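Protein chains in written order, with my numbering: chain A, 133 to 360; chain B, 133 to 360. We treat Cβ as the ideally placed atom computed from N, Cα and C, and that holds for glycine. It should be emphasised that the depicted structure is a prediction, and the values quoted were computed from it without experimental measurement.
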DNA sequence: TTAATTAGTGATCGGGCGATAAACAACCGT
DNA sequence: ACGGTTGTTTATCGCCCGATCACTAATTAA
């Protein structure tokens, strides 16, 4: 028995939504708005897009900044917390398969114009939440990938990756990340087949990891310029 | 209480520079200013940083937008046009050495907080000059790198790289690029030794290119999942 | 039906914005 | 010394911004 079935919709102007629905709608639309306009976008333009008047925003959020913080929270936290950690460390499956599947899923989530733009804007602002996210990627994703690579290569597995290992994982990860930036922000033509891009990047990363950090036991990191 | 001496000079403010010097000074300082504040930064704050009054800006630039365009021009064009093309295609030297030296030089130019921030801001604005720059990187750098790689691998050399080859080069290039973003924009700790980062990325890229596009003649692009 | 509650609006405030015009002051040729 | 030229400042305009408040009207409880 929902009372939502209002018999009369005579009022042309939308009015009187429940506070919860309004709030959620505001945050969702504000995310789209700020992702396009940047956080310098005005509250009046935002309200116009929402179909309400500007002062109404201030009934739901004490200030523009508070609204923006809510936008950050949902954008950064909503897509997270899937079973990615388990996926990465499931040694019953080949490491390459795990990585391919993880990056397929991960990029399915973050490769949207909205997410990428909010991420870059917040990065340029030097916000804490951005630093926090970079730390999450490092600790929850890249460090685990390296640990699995060490295990795969028969190297001694330790919790902390070396700086060089971590950097190599970052370069790999960033290369994939920037595919999304080129496609959705620069709107530059990219290889249509995203999974093939990931597959090729994986080939390079895995081959490079093996070559640089060596399967031959003991060799940590030496043959840099000897190759030339 | 005591303030700056020299009671004689009522006006402490600097005055009467030659138009050319002023203009150059304005553009240079405006670049720093906008790179930090974003292009939403106010002309008054900019003038304050320049030590002049705000209307003076409008004697040298018709509008704020014209000043910004000048900023773009210098930022994008100034660092370019070194002998990079020749360096990349000089087949008297090993390809790995050429690539290492090129990326050492290239990153020496673009890995500054100022350059990277202006680049990202202009990218988010979707500016033409940004698209132009992406095209330059693709045609003048990545396409040539691929041609050299094909030559090195004994593959038939053609002017146009395949979409998959180009994508692989982009992922490699972007991985290096994002090292600068992490260091100078996110201010995240990175591997101190930039040249080692480049070296490791090169190892991965060259090994990956060979593995994916094959030295075995004729094999264009097949062995993706067979490796696992 | 009526009174209390509350979602939503209209009007407005102080302030900062980009930009303009007029007044001022340093420089230069004469 | 002087007067025109020009680099620089003071004062100000119109506009848009974030935020506030008094008011209207839809909902709810009695």
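Note to self: With a threshold of 8 Å between beta-carbons, can residue 198 (chain B) be considered close to chain A, or not?
What the structure shows: For residue 198 (chain B), no Cβ of chain A is located within less than 8 Å of the residue's own Cβ.
Margin query: Between the region 276-284 of chain B and the region 206-213 of chain B, can you find at least three pairs of beta-carbon atoms closer than 8 Å?
Written below: The region 206-213 of chain B, when compared against the region 276-284 of chain B, does not touch it at the 8 Å Cβ threshold.
Item checked: For residue 330 (chain A), the nearest candidate out of A:248, A:230, A:285, A:255 (CA to CA) -> Cα-wise, what sits closest to residue 330 (chain A) is A:230.
Next item on the list: Report the neighbours of residue 263 (chain B) on chain A: residues whose CB is nearer than 9 Å to its CB, in chain order.
Entry: Here the neighbours are 318, 319, 320.
Next item on the list: Give, in chain order, every residue of the region 278-294 of chain B whose Cβ lies closer than 7 Å to some Cβ of chain A.
Entry: Answer in chain order: no residues at all.
Checklist line | chain A contacts from the region 325-351 of chain B (Cβ-Cβ distance under 7 Å) | finding: For the region 325-351 of chain B, which is checked against every Cβ of chain A, the residues closer than 7 Å are 328, 329, 331, 332, 333, 335, 336, 337, 339, 340, 343, 344.
Next item on the list: Give the interface partners of residue 296 (chain A) over in chain B, defined as CB-CB distance under 7 Å, in chain order.
Entry: Within 7 Å of the CB of residue 296 (chain A), the CB atoms of chain B belong to 323, 328, 332, in sequence order along the chain.
Checklist line | Where the region 198-219 of chain A meets chain B: residues whose CB sits under 7 Å from a CB there | finding: Listed by position along the chain: nothing, the set is empty.
Item checked: Backbone CA spacing between residue 160 (chain B) and residue 289 (chain A) [nearest angstrom] -> C-alpha separation (whole angstroms): 50 Å.
Notebook entry, point to check: Using CA coordinates, which residue listed in A:314, A:191, A:225 is at the minimum distance from residue 252 (chain A)?
Noted result: Comparing Cα-Cα distances from residue 252 (chain A) to each of A:314, A:191, A:225, the minimum goes to A:314.
Notebook entry, point to check: Is the distance from the Cβ of residue 166 (chain B) to the Cβ of residue 182 (chain B) below 8 Å?
Noted result: Contact flag unset, no.
Item checked: Exposed unless 16 or more other CB atoms sit within 10 angstroms - verdict on residue 321 (chain A) -> Residue 321 (chain A) is exposed by the Cβ-count criterion.
Next item on the list: Please state whether DSSP places residue 223 (chain A) in a helix, a strand or coil.
Entry: In the structure shown, residue 223 (chain A) sits in coil (DSSP, three-state: anything other than H, G, I, E or B).
Next item on the list: Using the Cα positions of residue 327 (chain A) and residue 198 (chain B), report the straight-line distance between them to the nearest angstrom.
Entry: Approximately 43 Å, taken between the alpha carbons.
Margin query: Assuming residue 165 (chain B) is part of the alpha helix (DSSP H), what are its boundary residues?
Written below: From DSSP, the alpha helix (DSSP H) with residue 165 (chain B) extends over 151-169.
Notebook entry, point to check: Going by other Cβ atoms of all chains shown within 10 Å of its Cβ, with 16 needed for buried, is residue 299 (chain A) buried or exposed?
Noted result: Classified as buried, residue 299 (chain A) has 16 or more neighbouring CB atoms from the shown chains inside 10 Å of its CB.
Margin query: Once the 5 residues before and after residue 341 (chain B) are set aside, which same chain residues still bring their CB inside 6 Å of it?
Written below: Once the five neighbours on either side are set aside, the close Cβ partners of residue 341 (chain B) are 281.
Notebook entry, point to check: In its own chain, which residues sit with a C-beta less than 8 Å from the C-beta of residue 272 (chain B), not counting the 5 before and 5 after it?
Noted result: For residue 272 (chain B), the CB contacts under 8 Å within the same chain, skipping 5 residues up- and downstream, are 216, 217 in chain order.
Next item on the list: Quick one: grab the DSSP three-state call for residue 342 (chain B).
Entry: For residue 342 (chain B), the secondary structure class from DSSP, reduced to helix, strand or coil, is helix.
Checklist line | Any C-beta of chain B under 8 Å from that of residue 188 (chain A) | finding: Any Cβ of chain B closer than 8 Å to the Cβ of residue 188 (chain A) would place that residue at the interface, and such an atom is absent.
Note to self: Comparing C-alpha positions only, which one of A:316, A:222, A:171 sits nearest to residue 258 (chain B)?
What the structure shows: Ranking A:316, A:222, A:171 by Cα distance to residue 258 (chain B) puts A:316 first.
Next item on the list: Please classify residue 190 (chain B): is it buried, with 16 or more other beta-carbons within 10 angstroms of its beta-carbon, or exposed?
Entry: When all chains shown are included, residue 190 (chain B) counts as exposed.
Margin query: Does the structure place the region 303-310 of chain A close enough to the region 301-311 of chain B that three or more beta carbon pairs sit under 8 Å?
Written below: Contact holds: three or more Cβ-Cβ distances are below 8 Å.
Item checked: Beta-carbon gap between residue 301 (chain A) and residue 274 (chain A) smaller than 8 Å -> Yes, they are a contact pair.
Check: Along chain A, which residues have their Cβ under 9 Å away from the Cβ of residue 256 (chain B)?
Finding: Residues of chain A passing the Cβ test: 170, 249, 252, 253, 256, 317.
Checklist line | Segment limits, alpha helix (DSSP H) that includes residue 186 (chain A) | finding: Secondary structure note for residue 186 (chain A): its alpha helix (DSSP H) is the uninterrupted segment 186-192.
Check: Should residue 264 (chain A) go down as buried or exposed, given a rule of 16 or more other Cβ atoms within 10 Å for buried?
Finding: Counting Cβ neighbours within 10 Å, residue 264 (chain A) comes out exposed, since fewer than 16 surround it.
Check: What's the C-alpha gap between residue 207 (chain B) and residue 188 (chain A)?
Finding: For residue 207 (chain B) and residue 188 (chain A), the gap between their C-alpha atoms comes out near 42 Å.
Notebook entry, point to check: Which term fits residue 153 (chain A), buried or exposed, when burial requires 16 or more other beta carbons within 10 angstroms of its beta carbon?
Noted result: Here residue 153 (chain A) is exposed, its C-beta having fewer than 16 other C-beta atoms within 10 Å.
Checklist line | Spatial distance of residue 179 (chain B) from residue 200 (chain A) (CA atoms) | finding: Cα to Cα, the separation comes out at about 29 Å.
Margin query: Give me, in chain order, the residues of the same chain whose beta-carbon lies closer than 8 Å to that of residue 203 (chain A); leave out the 5 immediate sequence neighbours on both sides.
Written below: Counting only Cβ-Cβ distances below 8 Å, and skipping sequence neighbours, we find 159, 162, 163, 166, 250.
Margin query: Using 8 Å as the threshold, is the C-beta distance between residue 318 (chain A) and residue 255 (chain B) below it?
Written below: The answer is yes: Cβ separation under 8 Å.
Note to self: Can you check whether the C-beta of residue 299 (chain A) is within less than 8 Å of a C-beta belonging to chain B?
What the structure shows: So, interface residue.
Check: DSSP three-state call for residue 210 (chain B): helix, strand or coil?
Finding: Of the three classes helix, strand and coil, the one that applies to residue 210 (chain B) here is coil, per DSSP.
Check: Closest to residue 223 (chain B) by CA distance: which of B:283, B:346, B:262, B:345 is it?
Finding: Of the residues B:283, B:346, B:262, B:345, the one whose Cα lies closest to the Cα of residue 223 (chain B) is B:283.
Next item on the list: Would you mind giving the Cβ-Cβ distance between residue 172 (chain B) and residue 173 (chain A), rounded to the nearest angstrom? I have them listed as a contact below 8 Å.
Entry: About 10 Å separates the two Cβ atoms, so there is no contact after all.
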